[in-house]
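Protein sequences, first through last, are from chains A and B. Counted the way the working numbering counts, the first sequence spans residues 2 to 337. Counted the way the working numbering counts, the second sequence spans residues 2 to 337. Single-structure report; data block below.
2 protein chains.
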Amino acid sequence: MNASIKDVAKIAGVSTATVSHTINNTRFVSEDIRKRVTAAMEQLGYQPNLVARSLRRQESKTIGLMIPDISNFVYTRVAEGVEVKLREHGYHVILSNSHDKLSVEAEMIKVYNSLLLDGLIMIPALGEHSYLHKALRGNYPVVFVDRRPKGFEGDCIMLDNMKSTYDVMKMFIAKGHRRIGLITGDPQLSTTSERIQGYKNALREHTIVVDESLIKKGSFSHGSGYDLTRDAVKEGKATALFFASDMMTIGALAFLQEQKIRIPQDVALISCNNFKWTEITQPSLSVVEQPSYEEGQKAAEVLLSRIAGEGGETQFKEYRIATRIILRQSFSMDES
Amino acid sequence: MNASIKDVAKIAGVSTATVSHTINNTRFVSEDIRKRVTAAMEQLGYQPNLVARSLRRQESKTIGLMIPDISNFVYTRVAEGVEVKLREHGYHVILSNSHDKLSVEAEMIKVYNSLLLDGLIMIPALGEHSYLHKALRGNYPVVFVDRRPKGFEGDCIMLDNMKSTYDVMKMFIAKGHRRIGLITGDPQLSTTSERIQGYKNALREHTIVVDESLIKKGSFSHGSGYDLTRDAVKEGKATALFFASDMMTIGALAFLQEQKIRIPQDVALISCNNFKWTEITQPSLSVVEQPSYEEGQKAAEVLLSRIAGEGGETQFKEYRIATRIILRQSFSMDES
DNA sequence: TTGTAGGCGTTATCAG
DNA sequence: CTGATAACGCCTACAA
């Protein structure tokens with residue numbers, strides 16, 4: 002059994018109130034007594050029981066973090082950004098994996114509601130989020146990252162998906178490409194619709210007719226990348242492809258290698274996520290670097306300021322984090 | 002403010018004791034009262050306060066999970082295995098990132114001690130772990146995964162590092178290789194020493210003299226893989242290399258491509274971790290598949306049985322999970 | 001400057 | 001079959 006504040010008080014020969022106050026520096030304690038108390042704590046190896054403290058203070062110094070896939074590097078980078086920033090401020094993180102399923106997410110929210118959490122950061126799962134109006138009881142602030150939920154308003158930290166896609170398309174177009182494929186994810190996702198918007202904007206600006214059959218929607222999976230690439234290249238005659246996820250790029254490479262389609266001569270590629278392995282494929286892969294870690298950091302900052310009550314303003318804010326395009330051989334052999 | 006058990010009791014016109022018992026099915030409740038109570042709970046959207054419950058029951062249905070790097074796929078796979086298995090049993094996970102630093106780990110353990118955790122699963126950080134004798138107070142069972150801690154005994158789930166390395170070496174030797182490099186991690190790690198043991202056993206069995214300069218120890222990083230590969234190939238004249246980490250393999254590929262050293266003709270490679278991208282490098286990479294997810298699952302199972310008290314036996318157990326070698330072109334062009 | 005005591009929301013031990 | 005009530009460990013208003 003761990004020592005409690007009573008044990009400390011007894012040994013130090015003071016009241017529990019005094020012990021509590023010395024621990025929390027919440028009222029004056031004479032030097033003599035402070036010494037006796039700290040000595041007693043030392044002797045017992047006393048650590049305040051955080052559960053009892055949470056119950057009493059009605060706050061836990063803990064925040065919930067929900068991500069759709071704990072095996073996806075992008076999301077764990079977000080998680081790391083969140084964790085590091087929050088730990089700096091004395092908060093712990095309860096991590097949950099929604100498996101991108103609304104049902105799991107909703108279940109976890111119920112648990113969160115019972116844990117006296119101080120806040121919640123989440124990458125919303127696929128689907129409609131108006132259920133959150135009921136599920137969340139306003140006991141703690143919520144911040145969304147990476148995807149914007151449908152049907153629910155809140156602070157939101159995202160990448161500049163529209164602009165990055167727009168920029169990628171401008172580069173392809175400048176290289177002379179006219180049939181450009183966009184290999185992207187589920188159309189329900191805000192990231193997907195934003196990318197499509199950027200894609201269309203760029204093409205229209207150059208009076209290129211948008212061929213909807215070149216906008217391929219699937220899942221962020223290897224198989225989906227394989228299939229959609231086949232369709233875009235074989236049927237769509239695409240000469241350039243932009244991928245919304247690294248997993249899809251891998252599937253695409255598998256297909257292109259099988260078919261002995263040359264990169265970038267026959268088809269030029271730009272992928273998402275500047276993972277280390279994109280440098281050692283042949284040809285090396287051009288990528289849009291996604292600062293996921295920074296997304297997490299920013300989300301944590303915004304949440305902290307909400308917890309601090311600076312959100313007296315009910316106005317929700319949207320934050321966009323800039324991406325960066327890194328050109329390598331898969332875009333053009335001119336690149337190093 | 003959330004509804005409490007008192008509110009429910011008042012509305013249902015019963016005592017809090019009765020409400021508690023209907024919730025927990027812990028003593029008989031008449032059908033009539035049960036209905037009134039559930040109706041009241043429904044009406045209030047009542048959810049039991051888990052913090053109060055933890056304090057009262059002295060258990061939290063929560064376990065701690067500490068991993069050395071939350072951005073490393075291997076460890077997050079372990080985490081996912083743990084999370085999925087534990088959630089099936091109604092447990093939540095508090096995840097922490099030790100950043101492979103003993104100081105962070107120790108700090109987090111203090112927090113864990115104050116949270117009424119029901120158990121702890123950890124991949125120990127680099128270093129000496131005898132401090133755990135003091136830091137852990139036996140309030141909850143602990144299970145180690147992937148690495149064995151130095152200086153502390155406990156249940157331990159690991160991969161068969163020695164055997165897998167041994168098998169890899171046998172394959173290289175059968176192919177005629179005599180100068181084989183082992184590119185591995187920090188020598189403090191149990192995984193490293195086990196691999197070295199497997200390496201030596203295989204060579205000695207074939208009366209190949211072990212050249213210590215071919216056993217390269219570094220960190221699981223890109224740069225380390227680059228440097229150690231250079232040394233092994235340039236100075237060590239290695240014709241085959243086995244890598245303990247995928248990151249090191251990427252560094253190695255960068256070096257070999259720069260030098261236009263042919264794989265597998267000049268140097269044959271086998272890497273760890275069957276990541277999807279290893280299939281689309283050229284040549285495709287041979288790998289040792291590490292069932293990290295299963296490690297996590299097993300760890301969770303062992304912990305659950307300890308929590309259930311089946312560990313009346315103080316005897317700690319060691320579990321080994323089998324790996325699988327997948328041969329592709331980097332081993333020999335004969336492979337598909 | 002320090003102590004007393006009530007209560008956070010549950011559960012469990014008594015009674016009735 | 002159900003209800004009071006103490007206790008889990010801590011914090012804080014009030015009292016001294």
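All C-beta atoms in this analysis are idealised placements derived from N, C-alpha and C, irrespective of residue type, glycine included.
Residue i in three-state terms, based on DSSP
| i | result |
| --- | --- |
| G120 (chain B) | strand |
| D156 (chain B) | strand |
| I12 (chain B) | helix |
| Y320 (chain B) | strand |
| F29 (chain B) | coil |
| T185 (chain B) | strand |
| R329 (chain A) | coil |
| F173 (chain A) | helix |
| I308 (chain B) | helix |
| E129 (chain B) | strand |
| V143 (chain B) | strand |
| E195 (chain B) | helix |
| I110 (chain B) | helix |
| K135 (chain A) | helix |
| I24 (chain B) | helix |
| E336 (chain B) | coil |
| I340 (chain B) | This structure cannot speak to residue 340 (chain B), because chain B is shown only from 2 to 337. |
| E295 (chain A) | helix |
| K62 (chain B) | coil |
is_contact[residue i, chain A] using C-beta, thresh 8 Å
| i | result |
| --- | --- |
| S72 (chain B) | yes |
| I262 (chain B) | no |
| A53 (chain B) | yes |
| M248 (chain B) | yes |
| Q426 (chain B) | A question about residue 426 (chain B) goes unanswered here, because the residues of chain B that appear run from 2 up to 337. |
| L270 (chain B) | no |
| K171 (chain B) | no |
Nearest-angstrom Cα separation, counted from residue j out to residue i
| i | j | result |
| --- | --- | --- |
| T279 (chain A) | S194 (chain A) | 26 Å |
| L117 (chain A) | D212 (chain A) | 51 Å |
| F221 (chain A) | A245 (chain A) | 8 Å |
| V30 (chain B) | H93 (chain B) | 29 Å |
| D147 (chain A) | T27 (chain B) | 44 Å |
| D187 (chain B) | K102 (chain B) | 13 Å |
| R321 (chain B) | F276 (chain B) | 21 Å |
| I174 (chain B) | I251 (chain B) | 24 Å |
| R205 (chain B) | N162 (chain B) | 18 Å |
| S225 (chain A) | K217 (chain A) | 10 Å |
| C273 (chain A) | A203 (chain A) | 18 Å |
| G199 (chain B) | Q189 (chain B) | 16 Å |
| S214 (chain B) | V234 (chain B) | 11 Å |
| Q283 (chain B) | K164 (chain A) | 33 Å |
CB of residue i within 8 Å of CB of residue j, strictly
| i | j | result |
| --- | --- | --- |
| G237 (chain A) | G182 (chain A) | yes |
| I327 (chain B) | S287 (chain B) | yes |
| S331 (chain B) | L257 (chain B) | no |
| A301 (chain A) | K86 (chain A) | yes |
| I110 (chain A) | A136 (chain A) | yes |
| E108 (chain B) | A126 (chain B) | no |
| M123 (chain B) | M67 (chain B) | yes |
| N140 (chain B) | N114 (chain B) | yes |
| T166 (chain B) | R196 (chain B) | yes |
| H178 (chain A) | G152 (chain A) | no |
| H100 (chain A) | L305 (chain A) | no |
| N50 (chain A) | N3 (chain A) | yes |
C-beta neighbour in chain B for residue i, strict 8 Å
| i | result |
| --- | --- |
| Q291 (chain A) | no |
| A80 (chain A) | yes |
| L215 (chain A) | no |
| S115 (chain A) | yes |
| H90 (chain A) | no |
| K111 (chain A) | yes |
| I24 (chain A) | no |
| I158 (chain A) | no |
| T166 (chain A) | no |
| I122 (chain A) | no |
| A255 (chain A) | yes |
| T39 (chain A) | no |
| R138 (chain A) | yes |
Discussion item. At 3 residues or longer, what runs of the beta strand (DSSP E) sit wholly inside the stretch 240-288 of chain B?
Written reply: 241-244 and 269-273
Practice prompt. Any chance you could list the beta strand (DSSP E) runs of at least 3 consecutive residues sitting entirely within the stretch 66-104 of chain B, in chain order?
Written response: 93-98
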